[in-house]
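K.L.:
Chains as they are written, first to last, in the working numbering: chain U, 14 to 494; chain E, 14 to 494. Where is the CB? At the ideal position from N, CA and C, for every residue including glycine. My structure is below; once you've seen it, I'll send some questions.
2 protein chains.
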Amino acid sequence: MAGNITPQQEDFSRWYLDVIREAELAENSPVRGSMVIRPYGYELWEGIRGGLDRRFKATGHKNAYFPLFIPMSFLQREAEHVEGFAPELAVVTIGGGKELEEPLVVRPTSETIIGHMYSRWVQSYRDLPILINQWANVVRWEMRTRPFLRTMEFLWQEGHTAHATAEEAMEETLRMLDVYADFAIRDAAIPVIKGVKSDREKFAGAVASYTIEAMMANGWALQSGTSHYLGENFARAFDITYLDENNEMRYCHTTSWGLSTRMVGAVVMAHGDDQGLRLPPVLAPIQAVIVPIWRDDAQRAAVLEMAARVEAMLQGAGVRVHLDAREDQTPGFKYNDWEMRGVPVRIEIGPRDVANDAVVLARRDRPGREGKTFGVPSAGVVEAVRALLDEVQASLLEQATVAREANTHRVEDYDTFRQVLDEQGGFIRVHWAGTSEDEARIQDETRATLRCLPLDVPEGEGRCFLTGAKTDKVAIFARAY
Amino acid sequence: MAGNITPQQEDFSRWYLDVIREAELAENSPVRGSMVIRPYGYELWEGIRGGLDRRFKATGHKNAYFPLFIPMSFLQREAEHVEGFAPELAVVTIGGGKELEEPLVVRPTSETIIGHMYSRWVQSYRDLPILINQWANVVRWEMRTRPFLRTMEFLWQEGHTAHATAEEAMEETLRMLDVYADFAIRDAAIPVIKGVKSDREKFAGAVASYTIEAMMANGWALQSGTSHYLGENFARAFDITYLDENNEMRYCHTTSWGLSTRMVGAVVMAHGDDQGLRLPPVLAPIQAVIVPIWRDDAQRAAVLEMAARVEAMLQGAGVRVHLDAREDQTPGFKYNDWEMRGVPVRIEIGPRDVANDAVVLARRDRPGREGKTFGVPSAGVVEAVRALLDEVQASLLEQATVAREANTHRVEDYDTFRQVLDEQGGFIRVHWAGTSEDEARIQDETRATLRCLPLDVPEGEGRCFLTGAKTDKVAIFARAY
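Next up, the structure:
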């Protein structure tokens with residue numbers, strides 16, 4: 014067990030903060046609620062960014078960049094939107110030494126400024142669809158912050174699209190939800206559940222909000238990405254109109270979708286264990302670390318020579334490999350250190366391995382001797398490491414899926430709901446025909462929120478666990494970050 | 014000549030704004046001084062970003078991310094720094110609906126907040142050097158703005174490093190200057206001049222500022238990237254100290270270096286002509302555009318089939334290719350359109366080309382028939398396009414170098430200086446032993462500024478053109494953006 018990391022069972026929140034600190038992912042800054050993303054955490058974000066950006070481009074989107082500052086009056090044009098965001102705004106009132114006539118809001122999200130630009134760019138149906146994404150920082154004045162999960166400033170992408178019809182906009186909304194789910198499952202190895210948000214939980218200004226919900230190792234939920242169908246709400250507020258084939262003026266239907274540095278927190282909490290991080294190979298900044306082992310100078314030379322050779326082979330094959338040749342640390346220390354940092358595969362090379370021209374592979378997802386493969390010939394190390402990385406990737410997804418299923422409970426009445434929530438936690442799946450007021454009451458009484466109405470409902474029809482009404486709708490409740 | 018673009022000779026400033034608008038690189042936003050970077054402009058920035066990021070990583074740097082907001086008190090700790098930036102600050106005074114106790118500055122640059130973090134991270138000489146870069150947006154309240162060249166908010170990278178000794182920090186400063194020059198010359202095809210800034214022009218808080226200066230097509234200078242040796246100035250202000258091998262406390266020596274979306278403006282103005290953009294192939298979002306030509310449906314099918322085949326071949330080879338299959342535009346319109354957008358190579362495919370299984374290649378940097386190659390067999394199109402892209406890249410650099418030399422004037426007295434500046438413009442190279450006051454006077458009288466003291470001085474010793482004093486220093490003066 015890693016010395017400076019609180020066991021998960023003892024205090025999951027402390028475990029999380031310990032891992033963030035020890036693995037040097039992020040650090041608090043002197044600006045209240047803002048964190049510094051340190052290089053190892055930022056590399057993880059670069060992996061996330063790369064995996065998403067590739068998918069956005071493959072689905073026809075282009076990146077662009079819109080202003081950080083938004084005139085206060087813009088936010089006020091969409092009534093629900095301003096109501097939702099007003100309490101969270103950071104406001105610039107002084108520029109160039111002078112009081113500003115109109116205060117500028119530091120963007121909490123960019124529907125309004127982008128809506129304004131789209132109203133200029135869209136004239137005819139021929140200009141549609143507009144499919145644009147922005148990588149940016151946004152600011153929301155949060156009272157209680159936690160690194161990656163909730164910070165005053167965070168990094169994200171926000172897609173904003175405009176379409177001729179409701180159908181096309183809804184297709185886009187669901188396409189991007191699928192893109193998020195595909196990324197989460199394949200790259201982050203997190204078996205997210207796709208669903209729609211309740212009216213109470215939806216985005217301020219949306220007609221419908223879709224989400225991918227992930228389960229963390231403590232059974233809590235984490236909303237990991239959202240895709241919103243905005244209907245004509247922003248088109249009406251910002252006059253995004255077009256002339257259709259019959260020369261009639263119509264409002265566009267718009268969407269927006271976002272995924273943020275929260276995903277880094279999701280990766281930490283979905284896969285981590287008491288030793289620290291366990292990173293999925295697709296996203297891991299370092300996929301394989303080489304730890305050389307020697308006792309004397311003669312061994313040292315031979316071992317380092319072979320280690321460098323193996324490093325070069327893996328680098329040449331595109332594996333993100335690091336050779337830990339530190340002189341002032343023991344192999345045992347290095348094992349623990351890289352385990353804590355979640356590196357998926359460790360390659361051990363000692364004098365005996367040099368003699369056999371072979372290496373030892375150890376996988377992060379299986380502790381101890383069971384996770385080791387001995388005598389891997391150095392000539393076959395690239396194939397062996399690649400295969401092992403694939404196995405670790407699949408195994409993390411499998412473990413997270415098994416854990417999610419084991420921690421998902423189906424209940425049929427509110428008493429059981431409360432009991433299961435208190436005693437076992439996790440996701441509670443119920444038939445649901447309640448109102449927003451019912452949701453609020455459940456949250457007050459249990460601290461669980463309605464995470465989503467999952468799109469995939471194998472249950473069929475049943476009775477609402479709260480009201481007893483017949484319904485084909487299912488809801489997932491959980492305590493959530 | 015492109016219809017909507019003012020000729021350069023008539024009005025270079027209007028030419029620039031016309032090109033930015035017609036090529037859809039950027040657009041003014043409703044926020045004073047802030048622009049929207051449109052997809053084509055952002056793709057150009059992505060190319061710049063990619064070329065730099067690769068070089069930063071190859072020289073041992075990691076990316077990280079620091080807060081957007083900086084406490085006002087931080088800026089005030091380095092006297093020259095706050096003096097330089099105070100007039101340009103945007104200040105957040107309200108957060109979450111409440112007046113803030115201490116106003117937060119929207120970062121104009123991040124030496125202060127990063128210096129604060131480094132003081133936490135550096136304890137011993139073993140922690141050094143720290144080599145970190147940040148990709149971020151920054152805000153400087155500018156009175157007169159121009160897209161890409163000077164905007165209130167801009168995107169950039171800022172490298173910040175801490176070292177044990179002055180020598181190492183100076184090495185880093187010059188290494189990153191070389192990285193910028195290498196990028197500018199190889200990727201952007203701009204033959205920049207490396208030099209050191211005068212005291213009057215150096216960064217607020219630096220000991221020495223180095224620059225790459227580019228010449229635009231109108232002979233004006235554009236500072237395109239800067240690398241600063243900060244000495245112990247920020248280390249003393251933020252207490253960045255370490256224990257050396259002898260257990261003695263020392264101040265770090267720090268550097269910072271930045272390159273921004275200005276570089277997009279540099280590419281536009283260094284290479285553009287009266288037809289519009291001319292993009293260097295390394296950075297061009299579209300390297301080759303295929304324009305199919307047909308008269309009737311039978312021709313259309315055959316031409317489009319071959320065009321798609323050529324597109325697939327080029328795509329497969331990693332060429333950024335676009336097939337312009339628009340039905341409602343003539344080939345002639347498309348030629349002009351893509352010329353205006355600066356695409357380096359055009360591939361024309363008509364019925365005769367289909368019959369010959371060959372294509373026509375046209376290069377953007379040479380107008381008319383002279384720039385065309387006829388009868389390129391489709392089987393060899395990948396090699397031919399690649400070779401042509403290399404040629405265009407080299408040719409743009411060559412043309413810009415020839416233009417720079419032709420527009421660089423060596424003068425020996427102030428009268429000639431003023432006359433040459435007025436009649437010919439361009440860079441004026443002079444021996445220089447003047448003071449900051451002399452510089453200010455020259456600027457007042459001629460609107461030319463001292464761009465840099467170039468590192469490479471083939472001239473040897475001479476007499477200052479202003480004071481007549483003997484000196485081995487050379488300065489470049491020019492009107493500048």
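Verify the CB distance criterion: does E:Ala297 have a CB-CB separation below 9 Å to chain U?
P.N.:
Sequence index remark: in the second sequence, residue 297 of chain E carries index 284 (1-based). No, because no Cβ of chain U sits closer than 9 Å to the Cβ of E:Ala297.
K.L.:
Within 10 angstroms of its Cβ, does U:Met14 collect 16 or more other Cβ (buried), or is it exposed?
P.N.:
Start at 1 with the first residue of the first sequence, and residue 14 of chain U comes out as number 1. For U:Met14, the predicted structure reports a pLDDT of 46, less than 50, and the residue's modelled location is therefore unreliable. The matter cannot be settled from this model.
K.L.:
Using a Cβ-Cβ cut-off of 6 Å (strictly less than) and excluding sequence neighbours within five positions of U:Ile33, which residues of its own chain qualify?
P.N.:
Locating residue 33 of chain U in the first sequence gives position 20, where the first residue counts as 1. Hits under 6 Å: Ala39 and Pro160.
K.L.:
By the three-class DSSP mapping on this structure, what secondary structure does E:Lys486 have?
P.N.:
As a position in the second sequence, residue 486 of chain E is number 473, starting the count at 1. DSSP places E:Lys486 in coil when its eight states are reduced to three.
K.L.:
For U:Met130, return the contacting residues in chain E, with the cut-off set at a CB-CB distance below 8 Å.
P.N.:
If you number the first sequence from 1, residue 130 of chain U lands on position 117. Here the neighbours are Glu40, Ser42 and Val49.
K.L.:
Any beta carbon from chain E within less than 9 Å of U:Met14's own beta carbon?
P.N.:
As a working note, residue 14 of chain U is residue 1 in the first sequence. Reliability fails at U:Met14, whose pLDDT of 46 lies under 50, so the model's placement of it is uncertain and the value that follows must be treated cautiously. Closer than 9 Å: no.
K.L.:
DSSP three-state label for E:Val371, please.
P.N.:
Locating residue 371 of chain E in the second sequence gives position 358, where the first residue counts as 1. Reading the sequence as shown, one finds Ala at residue 371 of chain E and not Val. The answer is strand: DSSP assigns E:Ala371 an E or B state.
K.L.:
For chain U, is any of its Cβ atoms less than 9 Å away from the one on E:Trp351?
P.N.:
What you label residue 351 of chain E is simply residue 338 of the second sequence in a count that begins at 1. Output row for E:Trp351: interface = no.
K.L.:
Near U:Lys347, which residues of its chain fall below 6 Å by C-beta distance, leaving aside the five closest residues on each side in sequence?
P.N.:
Numbered from 1 along the first sequence, position 334 holds the residue referred to as residue 347 of chain U. Here the set comprises Val304 and Asp337.
K.L.:
Determine the direct distance from the alpha carbon of E:Gln147 to that of E:Gly238, and round the result to whole angstroms.
P.N.:
Taking the first residue of the second sequence as 1, we reach residue 238 of chain E at position 225. Taking the first residue of the second sequence as 1, we reach residue 147 of chain E at position 134. Roughly 15 Å separates the two Cα atoms.
K.L.:
How about E:Ala416: is its Cβ closer than 8 Å to a heavy atom in the ligand NAP?
P.N.:
The ligand NAP is not part of the structure shown, which contains no ligands of any sort.
K.L.:
So with Cβ pairs under 9 Å, would you call E:Val304 a contact of chain U?
P.N.:
For the purposes of this step, residue 304 of chain E is identified with residue 291 of the second sequence, where counting begins at 1. No, its Cβ sits nowhere closer than 9 Å to a Cβ of chain U.
K.L.:
DSSP three-state label for U:Glu40, please.
P.N.:
As a working mapping, residue 40 of chain U is identified with position 27 in the first sequence. Strand.
K.L.:
Taking C-beta pairs closer than 8 Å, name the residues in chain U that E:Pro80 reaches, listed in chain order.
P.N.:
Residue numbering aside, residue 80 of chain E sits at position 67 when the second sequence is read from its first letter. Correct list: Ser42, Val44, Ser47, Met48, Val49 and Glu166.
K.L.:
Would you report the Cα separation of U:Gly438 and U:Asp451, rounded to the nearest angstrom?
P.N.:
Against the first sequence, residue 438 of chain U aligns to sequence position 425. Against the first sequence, residue 451 of chain U aligns to sequence position 438. If you take the alpha carbons of U:Gly438 and U:Asp451, they lie about 20 Å apart.
K.L.:
Rounded to whole angstroms, what is the Cα-Cα separation between E:Ala219 and U:Val104?
P.N.:
As a first step, residue 219 of chain E must be located in the second sequence, where it is residue number 206. As a first step, residue 104 of chain U must be located in the first sequence, where it is residue number 91. Spanning the two alpha carbons is a distance of roughly 31 Å.
K.L.:
Do you know how far the Cα of U:Arg27 is from the Cα of E:Phe79?
P.N.:
Numbered from 1 along the second sequence, position 66 holds the residue referred to as residue 79 of chain E. Numbered from 1 along the first sequence, position 14 holds the residue referred to as residue 27 of chain U. Taking the straight line from one Cα to the other gives about 23 Å.
K.L.:
Along chain U, which residues have their Cβ under 8 Å away from the Cβ of E:Pro100?
P.N.:
If you number the second sequence from 1, residue 100 of chain E lands on position 87. Simply Gly109 and Gly110.
K.L.:
Thinking C-alpha only, which one of U:Ala314, U:Met276, U:Arg376 and U:Ser273 is nearest U:Ala301?
P.N.:
In the first sequence, counting from the first residue as 1, residue 301 of chain U sits at position 288. Out of U:Ala314, U:Met276, U:Arg376 and U:Ser273, U:Arg376 has the C-alpha closest to the C-alpha of U:Ala301.
K.L.:
I need the boundaries of the alpha helix (DSSP H) containing U:Pro459, first residue and last residue.
P.N.:
Start at 1 with the first residue of the first sequence, and residue 459 of chain U comes out as number 446. What sits at residue 459 of chain U in the sequence shown is Thr, not Pro. Unbroken alpha helix (DSSP H) run through U:Thr459: Ser449 to Thr459.
K.L.:
Starting from E:Lys385, trace the beta strand (DSSP E) in both directions and tell me its first and last residue.
P.N.:
The sequence position of residue 385 of chain E within the second sequence is 372, counting from 1. Element bounds for E:Lys385: Lys385 to Pro390.
K.L.:
My output table needs one value for E:Val152: the three-state DSSP class, helix, strand or coil.
P.N.:
The residue labelled residue 152 of chain E in the question sits at position 139 within the second sequence. E:Val152: strand per DSSP, three-state reduction.
K.L.:
My understanding is that E:Ser47 touches E:Glu166, with C-beta atoms under 8 Å, so please give their C-beta distance in whole angstroms.
P.N.:
Position 34 of the second sequence, counting from 1, holds the residue named residue 47 of chain E. Position 153 of the second sequence, counting from 1, holds the residue named residue 166 of chain E. Confirmed, Cβ separation roughly 5 Å.
K.L.:
Flag E:Val323 as yes if its beta-carbon sits less than 9 Å from any beta-carbon of chain U, otherwise no.
P.N.:
Indexing the second sequence from 1 puts residue 323 of chain E at position 310. Not one chain U Cβ lies under 9 Å of E:Val323.
K.L.:
Are the CB atoms of E:Ala194 and E:Lys210 within a distance shorter than 9 Å?
P.N.:
Indexing the second sequence from 1 puts residue 210 of chain E at position 197. Indexing the second sequence from 1 puts residue 194 of chain E at position 181. In this structure, E:Ala194 does not lie closer than 9 Å to E:Lys210 by Cβ.
K.L.:
For E:Val332 versus E:Ser391, is the C-beta spacing smaller than 9 Å?
P.N.:
As a first step, residue 332 of chain E is located in the second sequence; it is residue number 319 there, counting from the start. As a first step, residue 391 of chain E is located in the second sequence; it is residue number 378 there, counting from the start. Cβ distance not < 9 Å, so E:Val332 and E:Ser391 don't count as in contact.
K.L.:
Using the Cα positions of E:Asp252 and E:Val487, report the straight-line distance between them to the nearest angstrom.
P.N.:
Working through the second sequence from its first residue, we reach residue 252 of chain E at position 239. Working through the second sequence from its first residue, we reach residue 487 of chain E at position 474. Each residue's alpha carbon lies about 37 Å from the other.
K.L.:
Which residues share a DSSP beta bridge with U:Thr254?
P.N.:
Along the first sequence, read from residue 1 onward, the residue named residue 254 of chain U stands at position 241. Answer is U:Tyr264.
K.L.:
Give the secondary structure of U:Asp287 by DSSP, where H, G and I count as helix, E and B as strand, and everything else as coil.
P.N.:
Taking the first sequence and counting its residues from 1, the one referred to as residue 287 of chain U is at position 274. Reduced to three states, the DSSP call for U:Asp287 is coil.
K.L.:
Just the C-alpha distance for E:Glu23 and E:Tyr29, rounded to the nearest angstrom, thanks.
P.N.:
Stepping through the second sequence from its first residue, residue 23 of chain E is reached at position 10. Stepping through the second sequence from its first residue, residue 29 of chain E is reached at position 16. The alpha-carbon atoms of E:Glu23 and E:Tyr29 are separated by roughly 12 Å.
K.L.:
What residues from chain E crowd round U:Tyr55, counting only those whose CB sits closer than 7 Å?
P.N.:
Taking the first residue of the first sequence as position 1, residue 55 of chain U is located at position 42. The contacting residues are Asn76, Ala77 and Tyr78.
K.L.:
Starting from U:Ile145, find everything on chain E with Cβ-Cβ shorter than 8 Å and list it in chain order.
P.N.:
Residue 145 of chain U sits at position 132 when you count from the first residue of the first sequence. Ordered by position in chain E, the residues that pass the 8 Å Cβ test against U:Ile145 are Pro52.
K.L.:
Would a check of beta-carbon distances place U:Arg133 closer than 9 Å to chain E?
P.N.:
Position 120 of the first sequence, counting from 1, holds the residue named residue 133 of chain U. U:Arg133 counts as touching chain E.
K.L.:
Three or more C-beta pairs closer than 8 Å, one from the segment 109 to 118 of chain U and one from the segment 109 to 126 of chain E: is that the case here?
P.N.:
The segment 109 to 118 of chain U vs the segment 109 to 126 of chain E: no contact.
K.L.:
Output yes if chain E places a C-beta closer than 9 Å to the C-beta of U:Pro116; else output no.
P.N.:
Within the first sequence, numbered from 1, the residue matching residue 116 of chain U stands at position 103. Judged by the 9 Å Cβ criterion, U:Pro116 is in contact with chain E.
K.L.:
Find out if the Cβ-Cβ distance for the pair E:Leu292, E:Met353 is shorter than 9 Å.
P.N.:
Translated into the one-based positions of the second sequence, residue 292 of chain E becomes position 279. Translated into the one-based positions of the second sequence, residue 353 of chain E becomes position 340. Their beta carbons are not under 9 Å apart, which means E:Leu292 does not touch E:Met353 by this criterion.
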